[in-house]
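Going by full-length UniProt numbering, the sequence shown opens with residue 1, and the numbers climb by one from there. Even glycine gets a Cβ: it sits at the ideal position worked out from N, Cα and C. These numbers were taken from a predicted model, which means no experiment stands behind them. Okay, structure first, notes after.
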Amino acid sequence: MGTVAGCETPYGSEVGDLRAQYKKAREYAATIASEIPRDLPDFTVHDITHADAPRETAGTICGPGVQADADGNKLLRELHAERAAAIPISAFGEYYLIQDRDLRDQYGELAGRIAASHGWDIDRVTEEFGTMKLGAPGTMNSAWTVDPLLLACIIRVADASHLDSRRAPGFLRALRRPEGMARSHWIFQERLQRPQVVDDRLVYTTTRPFTQDEHDAWWLCYDALSMVDRELRAVDAVLADAGRRRLAARSVARVDSPKRFAENIKVRDWYPIDGRVRVGDVIQLVKKLGGSELYGNDPHVPLRELIANAADAVRAKTALLRKKGYSPSGAHGDITVRIERVGADEWLSVRDTGIGMSPHVMTEALLSFGSWYWNPRTRGPTSRACCPPGSNRPGSTGSASSRCS
């Protein structure tokens, strides 16, 4: 199953059985993946090659110290994060992705959780899998162990870093003609060459510069490789703290500034300037953008914004519960507006039983000025289905959504 300690030499029929089960699972996964372009034609390549290529990418990142068996459980890479936990143990009519019942019962649920983990924040990965290695089942060689934490980390960085021309062939882009943000994704991935490890850094390069008309694609590339850098650094810290052998690649080269990034990812006839807003005095900014500076002396306006944001949270929870199969009567929430006396003061509070926010959102998204909680990247997979494109979100107007979400 992926990285198997003590598996440097084959173990006869046991390895043969696992190999046969893997090949059958891969065959079914390839069939499922081949259906993706029918529904998502603007997406970059998501067929079975997107599952195969990260194994090579993982080998580059991990280095010689971490061995992945040639027929290891790449099935983990073939399952999308949001559905992965259920797919290995779910029936497709009379078929299962893992046909062998004993193998499915032993490892199906674990395989799903490991595959799903590449969509979690890194803290949840360590909480979920801990640092303990698992022993082999009774039918397999006693020298084998399974390391869920290491597997989750490898899958995480392999998925994040699989950004190169194999994902976005130029001829396929010409056929599909993606537009908008999808077009920018195709352009930058088409330009990227396979990454290399130099010292302990992953180095991406291009052979053609980005023109001024392609600046959106260049900035998207910068954001994407900055994300890869964060993932590599986070995984390196987790593995080091867990006493595991660290991966060969621990960061991405030259993503510390747009100027340095342009040394590798070239531009032509324009110059990238980092124009992001930086706030030095947060308290003063809040005073300027909140309270009477924003709303004047009318207390109804901030109350309206608080209620609107509470309504957003309740609608999100209702949509999520209905998607999970709850009846309309069981999928609801409450908003409570209350005036309370605390000592000599009176406090007005607005409480809701909506979807709530994870610690990651509380400490990351809401501390990023101007960020919007309902952005798909911010709210994460838990509530991704709650606000479809174009839906009415009362609390999304004005700066209150940055403060009161």
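Which value, in whole angstroms, describes the spacing of the CA atoms of residue i and residue j?
i              : j                 : result
alanine 86     : leucine 151       : 18 Å
alanine 237    : lysine 266        : 31 Å
threonine 139  : leucine 192       : 45 Å
histidine 332  : leucine 321       : 8 Å
glutamine 189  : threonine 206     : 10 Å
aspartate 42   : alanine 182       : Because the pLDDT of aspartate 42 is 49, which lies under 50, any placement of that residue in the model is unreliable, and the number read from its coordinates should be weighed accordingly. Approximately 6 Å between the Cα atoms of the pair.
aspartate 102  : leucine 18        : 12 Å
valine 314     : valine 255        : 39 Å
glycine 243    : lysine 24         : 35 Å
alanine 143    : alanine 136       : 8 Å
alanine 20     : glycine 330       : 45 Å
leucine 134    : isoleucine 154    : 17 Å
glutamate 214  : leucine 220       : 10 Å
alanine 91     : leucine 97        : 8 Å
alanine 217    : tryptophan 186    : 8 Å
isoleucine 122 : lysine 323        : 26 Å
proline 258    : arginine 233      : 19 Å
valine 125     : glutamate 293     : 43 Å
leucine 247    : alanine 344       : 59 Å
leucine 110    : arginine 26       : 17 Å
alanine 116    : arginine 156      : 10 Å
lysine 288     : arginine 304      : 19 Å
glutamate 127  : leucine 285       : 36 Å
methionine 357 : asparagine 297    : 30 Å
aspartate 241  : threonine 145     : 20 Å
glutamate 231  : proline 299       : 44 Å
leucine 149    : phenylalanine 210 : 38 Å
valine 342     : serine 184        : 54 Å
Based on the DSSP output, what are the partners of residue i in its beta bridges?
i              : result
tryptophan 347 : Glu340
isoleucine 335 : Asp352
serine 251     : Arg201
alanine 91     : Tyr96
valine 267     : Phe210
leucine 103    : Beta-bridge pairing links leucine 103 to no other residue.
leucine 192    : Thr206
Below 8 Å CB to CB, which residues in the same chain sit around residue i once its five sequence neighbours on both sides are set aside?
i              : result
glutamate 346  : Ile339, Glu340
valine 198     : Ala253
tyrosine 295   : Val301, Pro302
glycine 93     : none
methionine 132 : none
glycine 63     : Val197, Leu247, Ala248, Ala249
Using C-beta distances below 6 Å, list every residue in its chain close to residue i, excluding the 5 sequence neighbours before and after it, in chain order.
i              : result
glutamate 179  : none
arginine 201   : Ser251, Ala253
proline 359    : none
isoleucine 355 : Ala313, Ala316, Lys317, Ser383
arginine 351   : Thr336
threonine 353  : Gly333, Asp334
tryptophan 120 : none
Of the choices the options, whose alpha-carbon is the least far from that of residue i?
i              : options                        : result
glutamate 263  : Glu293, Arg245, Asn309, Tyr222 : Tyr222
alanine 310    : Asp105, Ile61, Ile335, Pro88   : Ile335
tyrosine 271   : Ala91, Val255, Leu220, Gln212  : Gln212
aspartate 269  : Arg208, Leu110, Asp105, Ile89  : Arg208
valine 203     : Thr31, Thr60, Glu127           : Thr60
alanine 224    : Trp186, Leu163, Lys288, Asp274 : Leu163
leucine 306    : Gly16, Ile273, Thr131, Ser349  : Ser349
glutamate 14   : Asn141, Val157, Tyr107, Pro148 : Asn141
isoleucine 273 : Pro195, Val282, Arg260         : Arg260
aspartate 147  : Asn297, Phe210, Leu239, Ile283 : Leu239
aspartate 100  : Glu231, Pro195, Tyr22          : Tyr22
So, is residue i buried or exposed, given that buried needs 16 or more other C-beta atoms within 10 angstroms?
i              : result
tyrosine 95    : exposed
serine 401     : At serine 401, the pLDDT of 33 sits below 50, so the modelled position is not reliable; the number obtained from the coordinates is stated separately. That one is buried.
glycine 16     : exposed
valine 277     : exposed
isoleucine 114 : buried
tyrosine 326   : exposed
glycine 275    : exposed
glycine 130    : exposed
proline 328    : exposed
proline 195    : buried
valine 235     : buried
glycine 112    : buried
Here's a check: name, in chain order, each residue in its chain whose Cβ is nearer than 7 Å to the Cβ of residue i, leaving out the five neighbours to either side.
i              : result
methionine 227 : Ala160
residue 477    : For residue 477 there is no data in the structure shown, the boundaries of the chain being 1 and 405.
aspartate 229  : Ser251, Val252, Val255
Should residue i be flagged as near chain D, meaning a C-beta pair shorter than 9 Å?
i           : result
proline 302 : The structure shown has no chain D; it contains just one protein chain.
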